[in-house]
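Residue numbers (our numbering), protein chains in the order written: chain A, 1 to 488; chain B, 489 to 710. Just so it is clear, CB atoms sit at the ideal spot from N, CA and C, and this is done for glycine as well. Computed from a predicted structure; not experimentally measured.
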Amino acid sequence: MQSNAAMEYDYSIVKLYMWTTVIFGIVGMLVGVIIASQLAWPQLNYWLGEYGTFSRLRPIHTNVVVYGFMISGIFVGFYYSAQRVLKVSIGESKFLMTLGYLQFFLYLIAASGLVISEGMGITTSKEYAQMEWPLDILIVVIWVLWGMIMFGLIGMRREKALYISMWYYVATFLGVAMLYLFNNMEIPTQLLSGGLGAWYHSVSMYAGTNDAMVQWWWGHNAVAFVFTVPIIALIYYYLPKESGQAVYSYKLSLLSFWGLMFIYLWAGGHHLLWSTVPDWVQTMGSIFSVVLILPSWGSAINMLLTMKGEWNQLTDNPLIKFMVLASTFYMLSTLEGPIQAVKSVNAIAHFTDWIPGHVHDGVLGWVAFMVFATLMHSAPRVFKREIYSKSLLEAQFWIQTVAVVLYFTSMWIAGITQGMMWRAVDEYGNLMYSFIDTVNVLHPYWVIRAVGGTLYFIGLLMFAWNFFMTATAGRKLETEPQFRSPMA
Amino acid sequence: MFHWLEKNPFFFAVGVFLTIAFAGAVTILPHFNKSAQPVKGLKPYSVLELAGRHVYIKDNCLSCHSQLIRPFKAETDRYGQYSLSGEYAYDRPFLWGSRRIGPDLHRVGNYRTPDWHANHMWEPTSVVPGSVMPAYKHQFTNIADTETAYAEAVTVKTAFGVPYGDDIQPGRAAYEKVLKSKVLPEALKIATQMKNKDLIARVKAGKIPEVVALTAYLERLK
Numbered sequence: 001m002q003s004n005a006a007m008e009y010d011y012s013i014v015k016l017y018m019w020t021t022v023i024f025g026i027v028g029m030l031v032g033v034i035i036a037s038q039l040a041w042p043q044l045n046y047w048l049g050e051y052g053t054f055s056r057l058r059p060i061h062t063n064v065v066v067y068g069f070m071i072s073g074i075f076v077g078f079y080y081s082a083q084r085v086l087k088v089s090i091g092e093s094k095f096l097m098t099l100g101y102l103q104f105f106l107y108l109i110a111a112s113g114l115v116i117s118e119g120m121g122i123t124t125s126k127e128y129a130q131m132e133w134p135l136d137i138l139i140v141v142i143w144v145l146w147g148m149i150m151f152g153l154i155g156m157r158r159e160k161a162l163y164i165s166m167w168y169y170v171a172t173f174l175g176v177a178m179l180y181l182f183n184n185m186e187i188p189t190q191l192l193s194g195g196l197g198a199w200y201h202s203v204s205m206y207a208g209t210n211d212a213m214v215q216w217w218w219g220h221n222a223v224a225f226v227f228t229v230p231i232i233a234l235i236y237y238y239l240p241k242e243s244g245q246a247v248y249s250y251k252l253s254l255l256s257f258w259g260l261m262f263i264y265l266w267a268g269g270h271h272l273l274w275s276t277v278p279d280w281v282q283t284m285g286s287i288f289s290v291v292l293i294l295p296s297w298g299s300a301i302n303m304l305l306t307m308k309g310e311w312n313q314l315t316d317n318p319l320i321k322f323m324v325l326a327s328t329f330y331m332l333s334t335l336e337g338p339i340q341a342v343k344s345v346n347a348i349a350h351f352t353d354w355i356p357g358h359v360h361d362g363v364l365g366w367v368a369f370m371v372f373a374t375l376m377h378s379a380p381r382v383f384k385r386e387i388y389s390k391s392l393l394e395a396q397f398w399i400q401t402v403a404v405v406l407y408f409t410s411m412w413i414a415g416i417t418q419g420m421m422w423r424a425v426d427e428y429g430n431l432m433y434s435f436i437d438t439v440n441v442l443h444p445y446w447v448i449r450a451v452g453g454t455l456y457f458i459g460l461l462m463f464a465w466n467f468f469m470t471a472t473a474g475r476k477l478e479t480e481p482q483f484r485s486p487m488a
Numbered sequence: 489m490f491h492w493l494e495k496n497p498f499f500f501a502v503g504v505f506l507t508i509a510f511a512g513a514v515t516i517l518p519h520f521n522k523s524a525q526p527v528k529g530l531k532p533y534s535v536l537e538l539a540g541r542h543v544y545i546k547d548n549c550l551s552c553h554s555q556l557i558r559p560f561k562a563e564t565d566r567y568g569q570y571s572l573s574g575e576y577a578y579d580r581p582f583l584w585g586s587r588r589i590g591p592d593l594h595r596v597g598n599y600r601t602p603d604w605h606a607n608h609m610w611e612p613t614s615v616v617p618g619s620v621m622p623a624y625k626h627q628f629t630n631i632a633d634t635e636t637a638y639a640e641a642v643t644v645k646t647a648f649g650v651p652y653g654d655d656i657q658p659g660r661a662a663y664e665k666v667l668k669s670k671v672l673p674e675a676l677k678i679a680t681q682m683k684n685k686d687l688i689a690r691v692k693a694g695k696i697p698e699v700v701a702l703t704a705y706l707e708r709l710k
């Protein structure tokens, strides 16, 4: 990678998404802390009438964190890094700038609409696809705008070959577009009923087992194309930039990219093991989940080896810490997933806390750590200021690392305990525990989880403060830093 | 080839799309028709049951309750016969859930009664000591949206050929007729079994509280 000193890039859209990342992060994770506490202390369900119950808040937590915090963070990374790897400023085209602003404001409307409708209980009920049809249409428009901007920039590019990050952005765009369209096929019920009932209500085009297949084809691959593919795009750009090291192996990145593209989509069936979907689909889901270790670890190892000979940076640069631990958590999570996808393990793990445990070591350890690194590496270049506090960043890193460990270890134990108790029988073959026994035993783990979540949230507040101060009060920089981000 | 693709974004995008679309086509399409067939004797949800299903979705019961009994002895002992694909043929959307913070509900109609549900929704710990489920008292005052449920019945009948009777027709007049002749009497029966004077009075006044519709739906799960 060569110096960018000669080019000026336009960061106005990057800045907008930076603020939504921070705000949605705080909102989404605060709701997460609340619902975790509600399980440990159920009397916390009653602070907001029908709008404050665990069941209403849970989708607000997942959606705000995924579509608010993560997607904003991904757009920060995209609008920042795509310009640089393509060697073109979005400011060179008035048209693309307009589309960019439009995309941001529609995104704000959609995200707010999502929170409000979830709170009111207007939902299709499908996980990560709860939006009713008016919001679905808005989201399709936002996505198409993003595609136009991406391919517009690609069309104007000065660097002919697409850098690895661009492969992953293109894949994110196409993957989500295809999955989202098919999963949200629905008919508004006013259309055929002569205008009866609620205007926003719709009914799925698929029923029962088919609906489940399509939904988990989406649900699993939303994980692929929102939690994984664009985050790999981020790490392929930000780790080499921050460390000043070239990517370890081009061939490994090729293998991982095309491998991931081919294999990921098959694995959706592992969400439906022992269900009523055809057996061979379940088996395929299991097998491909295990094969998925290869491309996942390919990317992660490629990133870790990029640090070869430069491991000293790990001790004195907190951003490198965040990214190296992110790759490590990615490896952990992509090993854990396939283990859970083995049918005999799944028989115990499915429907238990081990599943949210698995999700959270991925999202807290891998996705959110990469988003923090993305914002903090970009900030000095965007605001032309030094990072406000290195020690705050260090403290955040350790607090959040401890938080993630508390979170997933407690959920592992809780999940396996409950899974084993559900199936425990006495010497005569009778079930040993009533259902409520298997719930009450989880209390201490739910407390530990709530503590872990609170610690992570405290780390997030430290980050938000640090970021805000960097943008407004960090020491001014004369020249753009080459690699390592300057911090006070 | 890969070097060439990296310089030709259009073909690169086409290549990526084909690679990712392949798996979905192979796994979902072959069984699509077979998976959509109902088991013998399966009746579509009544309008009241559909309205209850909407309450189930609105209050997001599926964040803690599954509706999928897996084929293990421990599960069939606890919940009954394991679930069959054809039992879900009229489930739009499917409500299998992904986490059991509470027990599975796919056959809850076999072993609970309407008055149990009434007590449970009002104060879960009164029937299940130690329960972590919140009380859903607002379901006793909120009125179920039977009109939207009716609109859904008309929609699935017209669009997907779900076998509803001839009385399910588009338009307000048809809805009012079904409401009076079927939905309210059905609700009254449930409310009476719930042994709650307040609920009975409301249904008699033509307003069906959410908890009555929800219970009708839960009673149907067998």
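For residue j and residue i, the rounded distance between their alpha carbons
{"i": "GLU132 of chain A", "j": "ARG580 of chain B", "result": "14 angstroms"}
{"i": "ILE23 of chain A", "j": "ILE688 of chain B", "result": "47 angstroms"}
{"i": "TYR248 of chain A", "j": "MET303 of chain A", "result": "7 angstroms"}
{"i": "THR703 of chain B", "j": "VAL616 of chain B", "result": "17 angstroms"}
{"i": "PRO338 of chain A", "j": "SER286 of chain A", "result": "7 angstroms"}
{"i": "ILE90 of chain A", "j": "LEU254 of chain A", "result": "28 angstroms"}
{"i": "ALA701 of chain B", "j": "GLY529 of chain B", "result": "23 angstroms"}
{"i": "ASN4 of chain A", "j": "ARG84 of chain A", "result": "Note that ASN4 of chain A has pLDDT 48, beneath the 50 cutoff, so the model's placement of it is unreliable and the number below is only indicative. Roughly 8 angstroms between the two C-alpha positions."}
{"i": "TYR9 of chain A", "j": "MET331 of chain A", "result": "34 angstroms"}
{"i": "ARG158 of chain A", "j": "LEU335 of chain A", "result": "39 angstroms"}
{"i": "MET376 of chain A", "j": "ASN210 of chain A", "result": "43 angstroms"}
{"i": "ALA317 of chain A", "j": "VAL66 of chain A", "result": "For clarity, residue 317 of chain A is Asn in the given sequence; the question names Ala instead. When rounded, the distance between both Cα atoms is 28 angstroms."}
{"i": "LEU57 of chain A", "j": "TYR624 of chain B", "result": "14 angstroms"}
{"i": "GLU635 of chain B", "j": "LYS546 of chain B", "result": "15 angstroms"}
{"i": "PHE182 of chain A", "j": "LEU106 of chain A", "result": "22 angstroms"}
Beta-carbon contacts of residue i that lie in its chain and below 8 angstroms, excluding the five residues immediately before and after
{"i": "TRP143 of chain A", "result": "PHE173, VAL176, ALA177, TYR180"}
{"i": "ALA82 of chain A", "result": "MET150, LEU153, SER165, MET166, TYR169"}
{"i": "GLY503 of chain B", "result": "LEU493"}
{"i": "GLY197 of chain A", "result": "THR189, GLN190"}
{"i": "ALA675 of chain B", "result": "LEU536, VAL691, ILE696, VAL700, ALA701, ALA704"}
Beta-bridge pairing of residue i - partner residues as DSSP gives them
{"i": "PHE351 of chain A", "result": "B:ARG587"}
{"i": "LEU477 of chain A", "result": "Beta-bridge pairing links LEU477 of chain A to no other residue."}
{"i": "PRO697 of chain B", "result": "B:ILE631"}
{"i": "ILE387 of chain A", "result": "A:MET487"}
{"i": "LEU431 of chain A", "result": "A:VAL425"}
Proximity test, residue i beta-carbon vs the ligand SAM heavy atom, cut-off 6 angstroms
{"i": "LYS308 of chain A", "result": "Although the ligand SAM was asked about, the structure shown includes no ligands whatsoever."}
Closest residue to residue i among the options (Cα-Cα distance)
{"i": "TYR264 of chain A", "options": "A:LEU239, A:PRO278, A:ILE293", "result": "A:ILE293"}
{"i": "ILE71 of chain A", "options": "A:THR21, A:ARG385, A:LEU335, A:ALA161", "result": "A:THR21"}
{"i": "LEU135 of chain A", "options": "A:PHE397, A:LEU234, A:HIS360, A:ASN184", "result": "A:ASN184"}
{"i": "THR189 of chain A", "options": "B:GLU494, B:PRO658, B:GLY585", "result": "B:PRO658"}
{"i": "ALA606 of chain B", "options": "B:ASN548, B:ALA524, B:ASN684, B:GLU664", "result": "B:ASN684"}
{"i": "LYS126 of chain A", "options": "B:GLY574, B:ALA623, B:SER586", "result": "B:SER586"}
{"i": "ALA40 of chain A", "options": "B:ALA632, B:LEU672, B:SER619", "result": "B:SER619"}
{"i": "ALA464 of chain A", "options": "A:PHE372, A:ASP426, A:ALA424", "result": "A:PHE372"}
{"i": "ILE187 of chain A", "options": "B:THR564, B:LEU517, B:GLU640, B:ASP633", "result": "B:GLU640"}
{"i": "GLU394 of chain A", "options": "A:ALA488, A:SER299, A:LEU260", "result": "A:ALA488"}
{"i": "VAL31 of chain A", "options": "A:THR409, A:ILE60, A:GLN43, A:PHE468", "result": "A:ILE60"}
{"i": "GLN340 of chain A", "options": "A:THR401, A:LEU272, A:GLY147", "result": "A:LEU272"}
Close beta carbons around residue i, own chain, < 6 angstroms, minus the five adjacent residues each side
{"i": "LEU392 of chain A", "result": "MET462, ASN466"}
{"i": "TYR80 of chain A", "result": "VAL14, SER378"}
{"i": "TYR128 of chain A", "result": "GLY219, ALA222"}
{"i": "TYR237 of chain A", "result": "SER81, SER165"}
Cut-off 7 angstroms between Cβ atoms - residues of its own chain near residue i, not counting five sequence neighbours on either side
{"i": "VAL367 of chain A", "result": "MET70, PHE227, ILE231"}
{"i": "ALA637 of chain B", "result": "VAL535, LEU538, ALA539, HIS542"}
{"i": "GLU92 of chain A", "result": "MET156"}
Endpoints, the beta strand (DSSP E) within which residue i is located
{"i": "GLU664 of chain B", "result": "No beta strand (DSSP E) contains GLU664 of chain B, which is instead part of the alpha helix (DSSP H) from 660 to 666."}
{"i": "ILE187 of chain A", "result": "186 to 188"}
{"i": "SER204 of chain A", "result": "202 to 204"}
Continuous alpha helix (DSSP H) stretch holding residue i: start and end
{"i": "ILE139 of chain A", "result": "133 to 155"}
{"i": "SER296 of chain A", "result": "293 to 306"}
{"i": "GLU674 of chain B", "result": "672 to 681"}
{"i": "SER72 of chain A", "result": "71 to 86"}
{"i": "ALA501 of chain B", "result": "497 to 516"}
{"i": "LYS692 of chain B", "result": "685 to 692"}
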